[in-house]
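Encoded structure:
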C-alpha cells in the first residue's frame with residue numbers, strides 16, 4: 003500500500019510547508035498531534051560521527067540515510083559511508099554508542115576496503131554496490147533467529163529499486179528471493195506498529211521537480 007500526501011502536481015507558489023492538519027496524515031487512530039517548540043542543544047556545533055581517516059570507507063563523507071536501534075544495552079547506528087573511490091559508491095557502516103552522544107566505530111573485519119578488513123563496514127551486498135538508503139528493523143523475538151534484523155535497502159544493484167535483506171546479528175546480511183515491487187523513493191525512516199511495517203520517504207525525482215511525502219505500509 004502506498005499513500006501520498008498529495009498525488010496531484012502543485013505549482014511551487016501553492017506548496018504548503020509543514021501541513022499540520024488532520025487530513026494529510028494517514029493512520030491517525032490513537033495518535034495525538036502536538037507541536038513542541040524547538041530547543042537548541044548546548045553545543046550546536048557538535049558532530050556525532052566524523053568522517054574517518056584517509057583510506058577508510060567513510061573518509062569522504064558520512065551520510066545518515068540509515069537507522070538507529072537499541073540492541074541490548076547499546077545503540078547501533080547503520081549509516082552510509084563514502085570513501086576515496088573515484089565514483090559515487092556509498093556502503094553501509096556501523097557505529098555503536100551507550101549514551102547516544104559518544105559513538106565508536108567497531109572493527110568488524112567483514113569487508114575488505116583499500117587492502118584491509120580493519121574497518122566498520124557491514125557485509126551488505128558484499129560492499130560492491132552503491133546503497134542510497136538503508137532502513138533497519140530490529141525484532142529480537144522473531145521466531146526465526148536468522149531474521150532478527152531486517153532491512154529494506156535502495157541500491158543501484160536493482161536500478162535504484164528496493165531489496166530486502168535479513169541478518170541474525172545485524173552485521174552479515176543476506177538477500178531474500180522475494181523482493182518488493184516498489185517505486186524508487188528517498189527513504190527517511192521506518193517503524194513497526196500493530197504488526198504493520200511503515201516506511202516513509204520522498205517521492206518524485208531527486209532534482210528538478212517538487213517532492214511528495216509518501217508512506218509505504220506492509221504486513222509482511
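In our numbering, the protein residues as written are 3 to 222.
We put the CB at the ideal spot given by N, CA and C, even for glycine.
Of the choices the options, whose alpha-carbon is the least far from that of residue i?
{"i": "residue 1", "options": "134, 135 and 152", "result": "The structure shown does not extend to residue 1, since the chain is modelled only from 3 through 222, so no value can be given for it."}
{"i": "residue 118", "options": "175, 218 and 59", "result": "59"}
{"i": "residue 105", "options": "52, 36 and 167", "result": "52"}
{"i": "residue 128", "options": "148, 198 and 95", "result": "95"}
{"i": "residue 197", "options": "144, 122 and 57", "result": "144"}
{"i": "residue 76", "options": "112, 148, 33 and 172", "result": "172"}
{"i": "residue 188", "options": "149, 202, 179 and 195", "result": "202"}
{"i": "residue 102", "options": "220, 73 and 87", "result": "73"}
{"i": "residue 88", "options": "79, 107, 57 and 78", "result": "57"}
If you draw a straight line from the C-alpha of residue i to the C-alpha of residue j, how long is it?
{"i": "residue 4", "j": "residue 114", "result": "Low local confidence applies: a pLDDT of 48 at residue 4 is under 50, so the model's placement there is unreliable, with the coordinate-based value given in what follows. When rounded, the distance between both Cα atoms is 38 Å."}
{"i": "residue 70", "j": "residue 161", "result": "26 Å"}
{"i": "residue 131", "j": "residue 92", "result": "8 Å"}
{"i": "residue 184", "j": "residue 139", "result": "18 Å"}
{"i": "residue 100", "j": "residue 36", "result": "29 Å"}
{"i": "residue 55", "j": "residue 61", "result": "6 Å"}
{"i": "residue 111", "j": "residue 122", "result": "7 Å"}
{"i": "residue 81", "j": "residue 150", "result": "19 Å"}
{"i": "residue 30", "j": "residue 116", "result": "49 Å"}
{"i": "residue 180", "j": "residue 200", "result": "18 Å"}
{"i": "residue 193", "j": "residue 38", "result": "21 Å"}
Determine whether the beta carbon atoms of residue i and residue j lie at a separation below 8 Å.
{"i": "residue 67", "j": "residue 134", "result": "yes"}
{"i": "residue 64", "j": "residue 83", "result": "yes"}
{"i": "residue 97", "j": "residue 109", "result": "no"}
{"i": "residue 164", "j": "residue 177", "result": "no"}
{"i": "residue 125", "j": "residue 174", "result": "yes"}
{"i": "residue 166", "j": "residue 147", "result": "no"}
Is residue i buried or exposed, if buried means 16 or more other CB atoms sit within 10 Å of its CB?
{"i": "residue 136", "result": "buried"}
{"i": "residue 169", "result": "buried"}
{"i": "residue 33", "result": "exposed"}
{"i": "residue 78", "result": "buried"}
{"i": "residue 1", "result": "In the structure displayed, the chain extends from 3 to 222; residue 1 sits before or after that span and is not available."}
{"i": "residue 235", "result": "Residue 235 lies beyond the range of the chain shown here (3 to 222); nothing can be said about it."}
{"i": "residue 195", "result": "exposed"}
Tell me the start and end of each unbroken beta strand (DSSP E) in the region 136-160 that is at least 3 residues and wholly inside, in chain order.
151-157
Please give the ranges of any alpha helix (DSSP H) in the region 88-125, keeping only runs that are unbroken, at least 4 residues long and fully inside the region.
none
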